[in-house]
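Undergrad: So the sequences go chain by chain: A and B.
Just so we're aligned, residue 740 is where the first sequence starts under my numbering, counting upward by one.
Just so we're aligned, residue 13 is where the second sequence starts under my numbering, counting upward by one.
Cβ coordinates follow ideal geometry from the N, Cα and C atoms, glycine included.
The model shown is predicted, which means the values in this text are computed figures rather than measured ones.
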Amino acid sequence: MVELLIDPFIDYLFMRRALVGSVVVSLGAVPVGLFMTLRRMSLTGDAMAHAILPGAAIAYIISGLSLLGLTIGGVLAGLVVAALAGFVSRSSQLHEDTSLAAFYLLSLASGVLVISLKQSNIDLFHLLFGNILALNEAALSLLAFISSLTLLIMAVLYRPLVIECADPTFLRRSGYASAIAHFGFLFLMVINLVAGFHALGTLMAVGIMVLPATAARFWVGSMDWLLVFALLIAFAGCYIGLLFSFYFDLPSGPAIIISIGIVCVSSILFGSNGGLLKKQVSQRHLAG
Amino acid sequence: MVNGLGGDLTTMDVRINNLTVSFNNHPAVHHLTASIAQGEWLAIVGPNGGGKSTLLNTLAGVITAYEGSIEGLQPDNIAYLPQQAKLDTSFPITVSELVATGLWYELGFLNAVSEKQSKRCERALAAVGLQGFENRAINSLSGGQLQRSLFARVLLQDHPIILLDEPFNAIDSKTLADLTIVIKRWHRNNRTVLMVTHDLGYVREHCPKSLLLARECIDYGKTSDVLTEDNLRLAGQHSEAFDANAPWCLN
Chain A
740 MVELLIDPFI DYLFMRRALV GSVVVSLGAV PVGLFMTLRR MSLTGDAMAH AILPGAAIAY
800 IISGLSLLGL TIGGVLAGLV VAALAGFVSR SSQLHEDTSL AAFYLLSLAS GVLVISLKQS
860 NIDLFHLLFG NILALNEAAL SLLAFISSLT LLIMAVLYRP LVIECADPTF LRRSGYASAI
920 AHFGFLFLMV INLVAGFHAL GTLMAVGIMV LPATAARFWV GSMDWLLVFA LLIAFAGCYI
980 GLLFSFYFDL PSGPAIIISI GIVCVSSILF GSNGGLLKKQ VSQRHLAG
Chain B
13 MVNGLGGDLT TMDVRINNLT VSFNNHPAVH HLTASIAQGE WLAIVGPNGG GKSTLLNTLA
73 GVITAYEGSI EGLQPDNIAY LPQQAKLDTS FPITVSELVA TGLWYELGFL NAVSEKQSKR
133 CERALAAVGL QGFENRAINS LSGGQLQRSL FARVLLQDHP IILLDEPFNA IDSKTLADLT
193 IVIKRWHRNN RTVLMVTHDL GYVREHCPKS LLLARECIDY GKTSDVLTED NLRLAGQHSE
253 AFDANAPWCL N
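1) Between the segment 975 to 1009 of chain A and chain B, which residues of the former have CB atoms less than 7 Å from a CB of the latter, in chain order?
2) I need the boundaries of the alpha helix (DSSP H) containing B:Gly80, first residue and last residue.
3) Looking only at its chain, what residues have a beta carbon closer than 6 Å to the beta carbon of A:Ser998, apart from the 5 residues adjacent to it on each side?
4) Are the CB atoms of A:Ser761 and A:Ile871 nearer to each other than 8 Å?
5) If you measure beta-carbon to beta-carbon, which residues of the segment 891 to 906 of chain A are closer than 9 Å to chain B?
6) Got a sec? Which residues, its chain only, sit under 7 Å from B:Ala182 by beta carbon, not counting five neighbours each side?
7) Around the C-beta of B:Trp260, are 16 or more other C-beta atoms found within 10 angstroms, so that it is buried, or is it exposed?
8) B:Ser278 bridges to which residues according to DSSP?
9) What do you get for B:Met207, buried or exposed, if any count of 16 or more other CB atoms within 10 angstroms of its CB means buried?
10) To the nearest angstrom, how far is the alpha carbon of A:Ser984 from that of A:Pro993?
11) Please check if any C-beta of chain A sits within less than 8 Å of the C-beta of B:Pro104.
12) Under 8 Å, with one C-beta from each stretch per pair, do the segment 96 to 103 of chain B and the segment 131 to 138 of chain B reach the 3-pair mark?
13) Could you run through the segment 950 to 972 of chain A and flag, in chain order, every residue whose CB is less than 7 Å away from some CB of chain B?
14) With C-beta atoms as the reference, is A:Ala824 less than 8 Å away from A:Leu844?
15) So which residues on chain A does B:Leu158 lean against when the C-beta distance must stay under 9 Å?
16) Please report whether the beta-carbon of B:Asn15 lies at a distance below 8 Å from any beta-carbon of chain A.
17) Which of the three DSSP states, helix, strand or coil, is assigned to A:Asn931?
18) Going by DSSP in three states, B:Ser47 sits in which element: helix, strand or coil?
19) With a cut-off of 8 Å, do at least 3 Cβ pairs link the segment 188 to 198 of chain B to the segment 29 to 40 of chain B?
20) Give a yes or no on contact between the segment 815 to 834 of chain A and the segment 787 to 799 of chain A, applying the rule of three or more CB pairs nearer than 8 Å.
21) Could you give the DSSP three-state label for A:Arg898: helix, strand or coil?
22) Between which residues of its own chain and B:Cys219 is the CB-CB distance below 6 Å, once the five residues before and five after are set aside?
23) Count the other CB atoms within 10 Å of the CB of A:Tyr799; is the residue buried (16 or more) or exposed (fewer)?
24) So, using beta-carbon positions, are A:Gly1010 and A:Phe957 closer together than 8 Å?
25) In the DSSP assignment, the alpha helix (DSSP H) including B:Leu175 goes from what residue to what residue?
26) Does the distance from the CB of A:Ile947 to the CB of A:Ser781 come in under 8 Å?
27) Please go through the same chain and pick out, in chain order, the residues whose beta-carbon is closer than 6 Å to the beta-carbon of B:Ala164, but skip the five residues on each side of it.
28) Chain A beta carbons: is any one of them nearer than 8 Å to that of B:Trp116?
29) Starting from the beta carbon of A:Thr908, find every residue of chain B whose beta carbon is closer than 7 Å, and list them in chain order.
30) If you draw a straight line from the alpha carbon of B:Asn15 to that of B:Ala72, how long is it in whole angstroms?
31) Would you mind listing the alpha helix (DSSP H) stretches within the segment 793 to 859 of chain A that are 4+ residues and don't spill past its ends, in chain order?
32) What residue ranges within the segment 84 to 117 of chain B form continuous beta strand (DSSP E) runs of no fewer than 3 residues, ordered along the chain?
33) Compute the Euclidean distance between the alpha carbons of B:Asp177 and B:Ser47, then round it to the nearest angstrom.
34) Taking the alpha-carbon of B:Tyr117 as reference, which of A:Met754, A:Asp785, A:Phe922 and A:Tyr915 has the nearest alpha-carbon?
35) Using a Cβ distance threshold of 8 Å, determine whether the segment 883 to 902 of chain A contacts the segment 919 to 926 of chain A, with at least three qualifying pairs required.
36) Is the beta carbon of B:Leu93 closer than 8 Å to that of B:Leu225?
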């Protein structure tokens, strides 16, 4: 029995790389995802994932399936959309979700237009669903670099991000800190979505950011424990998803996301911190 | 002394010169000029839509688009207490963490909270009657307890100018009395306190000076001179709605 859980990773290099790659992606993406859920930006991440797709697609036309090309294209497209949306929302009455929707749709339409003009027979499947089982050392290095950079930047931005979430007006008064935190966070979101799309595809990348954080909120209530729980849930989901993918011949990206998704739905139902079923059971309470 | 209040402060008057704050070209605060001396406790009162919170938010630097000028205010000499509605109380932080956000201007991005600063947080919480609440999540607090926490953060910031936006909304009489003691201590220690409130009874009883604002300044000065029947009637005639056909202001 134990062999079934370990052997695929001992016997096959591509499985070891997939496990390392998905865990490395989680290390950067999960903390970013936690703040996305706490800042009510979960669907902003989804919109941003669509925004990076045209950049990657155009890069594919220019440089093929070049790791660097796809990364630069995706990051550039994402950053341009994030910067424009952030600037417009901070300097006008538009909420960020609305300005982001406007710019990501513009980006998406431009990407589709360029692809159709080039009449390229692009393999969108790779971009949409990634290919974690084909990660080579260069790709793993890139994912490790993005996660390391994310953790470093997150360590610097952690305090202003917490203040921004709890009391948005507090940092606005200090001028620069609020803007640094906001645009720094959007930058982290973009680079982690790009890391995610190499492993899981653009459509699945948001899943590894949002689902572990959502699940963790139903078990614990403090920021440090939320981070720990969300990371553990993501690691477990990556491991279980890869095993399912291996034994049942399933596409690995969706298998990972479905595994984390099952944990998420179970947490919503059974979580000790506000789970739906726990609310139905009569609670004991203390005397004071 | 809770937080070192009462130490020597440099003279820091606030001057508002011909200030206009507008939304879509319609003024919410119109050509306001006032000079607030260091150590004054000033209530900003007026009808709904009269521009009270807009003025305070502009002074706090939350709203930046305005005409005219404001002198004597810097982000690092103001402690600002926002309306509770502006807080995300579902965010998972504790009372002591919320209060410690007041150390931002001392800590910046990277410095850790020192032992001395932790003690200051504890003393600030004790001063507002929240001993034992340090590790409580803010989503488990009552409105009054949350307001005490925000007052503790203002205490911790130890700034010479204190801006309070509706500090007594939805709190009980005991909390009101306790927080009034805190404000009186600030006043005694030569802090400048600017406070937006609807409670004219409170202002008459406690606040030495008032600014009656109905988009434009109706009157400004000693509270008993400002809150007269005539002034209040004049302020009451203020229309909350913007005039869609208003001509351009030539002043």
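TA: To lay it out plainly:
1) none
2) It is not in any alpha helix (DSSP H) - B:Gly80 instead sits in the beta strand (DSSP E) that spans Glu79 to Glu83.
3) Gly976, Ile979 and Gly980
4) yes
5) Ala894, Val895, Leu896, Tyr897, Arg898, Pro899, Val901, Ile902, Cys904, Ala905 and Asp906
6) Gly155
7) exposed
8) Residue 278 of chain B cannot be examined here, being either before or after the span of chain B that is shown, 13 to 263.
9) buried
10) 9 Å
11) Put simply, the CB of B:Pro104 is near chain A, with a gap under 8 Å to one of its CB atoms.
12) In this structure the segment 96 to 103 of chain B does not lie against the segment 131 to 138 of chain B, because fewer than three pairs of beta carbons, one per stretch, are closer than 8 Å.
13) From the segment 950 to 972 of chain A, only Gly960, Ser961, Met962 and Leu965 have a Cβ closer than 7 Å to chain B.
14) no
15) Residues of chain A passing the Cβ test: none, with the nearest at roughly 11 Å.
16) Only weak support exists for where B:Asn15 lies, its pLDDT of 38 falling under 50; the coordinates are left without a value.
17) helix
18) strand
19) Counting Cβ pairs under 8 Å, fewer than three are found: no touch.
20) yes
21) helix
22) Trp53, Ala55 and Thr235
23) By the neighbour-count rule (16 or more Cβ atoms within 10 Å), A:Tyr799 is buried.
24) yes
25) Careful: B:Leu175 lies outside any alpha helix (DSSP H), inside the beta strand (DSSP E) at Ile173 to Asp177.
26) no
27) Val111, Ala136, Leu137 and Val140
28) yes
29) Val74, Pro94 and Lys98
30) The pLDDT assigned to B:Asn15 is 38, lower than 50, so where the model puts this residue is not dependable; a value taken from the coordinates is nonetheless given after this. Taking the straight line from one Cα to the other gives about 22 Å.
31) Counting only runs of 4 or more, we get 806 to 830 and 835 to 857.
32) 90 to 93
33) 19 Å
34) A:Tyr915
35) yes
36) no
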